[in-house]
Amino acid sequence: MDRHLFLIGMQGCGKSSLGKRAAKETGIPFADTDAVVAQSAGCTVTEFFERYGEDTFRRAETAALTALTYARPMIISTGGGTVLNPENRRIMRSWGTIVLIDRPLEEILGDIKLDRRPTLRDGGLAEVERVYHERIPLYRELADEVLRNDQGYHMAVYMLIRLIRERF
Numbered sequence: 005m006d007r008h009l010f011l012i013g014m015q016g017c018g019k020s021s022l023g024k025r026a027a028k029e030t031g032i033p034f035a036d037t038d039a040v041v042a043q044s045a046g047c048t049v050t051e052f053f054e055r056y057g058e059d060t061f062r063r064a065e066t067a068a069l070t071a072l073t074y075a076r077p078m079i080i081s082t083g084g085g086t087v088l089n090p091e092n093r094r095i096m097r098s099w100g101t102i103v104l105i106d107r108p109l110e111e112i113l114g115d116i117k118l119d120r121r122p123t124l125r126d127g128g129l130a131e132v133e134r135v136y137h138e139r140i141p142l143y144r145e146l147a148d149e150v151l152r153n154d155q156g157y158h159m160a161v162y163m164l165i166r167l168i169r170e171r172f
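Using our numbering, you'd call the opening residue of the sequence shown number 5 and step up by one each time.
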């Protein structure tokens, strides 16, 4: 693999879980921008938001994304809001292939754990729905590939691995 593979999509769409499993199966390194930010701050993403706020988190997210691009090519799971920053979109376009993990809103609503999602927690499921409709056009516009995650975890892992092997 000579370029990064960026996974984008709504919170709860499966970016991290699918990316980790595909990385394990293919031997390609994996990173999660949220985990990088949390690790560098020594706290969880939720705690980071509470202590420093969303603006500081977004700056840290861009710094993490930038740092990851200088590592050897890997699968990079991005936070749901990463695409909102034009600089992040430019970084991803310049350094890799962007794959949208597109999961139906109804499935996200059935699975999402709001206590782990600081940008969605206060608004509940209505906020999840609002954010989904706001972001999905941007995700689709940015994506080089779209992977539908509507047939279960194992099928989505299989399709992501197949995509990786075909494209890289």
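Even glycine gets a Cβ: it sits at the ideal position worked out from N, Cα and C.
Judged by beta-carbon spacing, Leu9 lies within the 8 Å limit of Gly100, meaning their Cβ atoms are closer than that value. Residue environment analysis places Lys19 among the buried positions, since at least 16 neighbouring C-beta atoms fall within 10 angstroms of its C-beta. Within the region 84-167, the runs of alpha helix (DSSP H) at least 4 residues long that lie entirely inside it are, in chain order, 90-99, 109-115 and 128-146.
In the displayed model, Phe10 falls within a strand according to three-state DSSP.
In the structure shown, Phe53 adopts helical secondary structure according to DSSP, grouped into three states.
Asp38 and Leu109 have their alpha carbons spaced roughly 22 Å apart. Between Ile80 and Ala35, the CB-CB gap stays under 8 Å. Of the residues Glu170, Glu149, Tyr162 and Asp6, the one whose Cα lies closest to the Cα of Tyr74 is Asp6.
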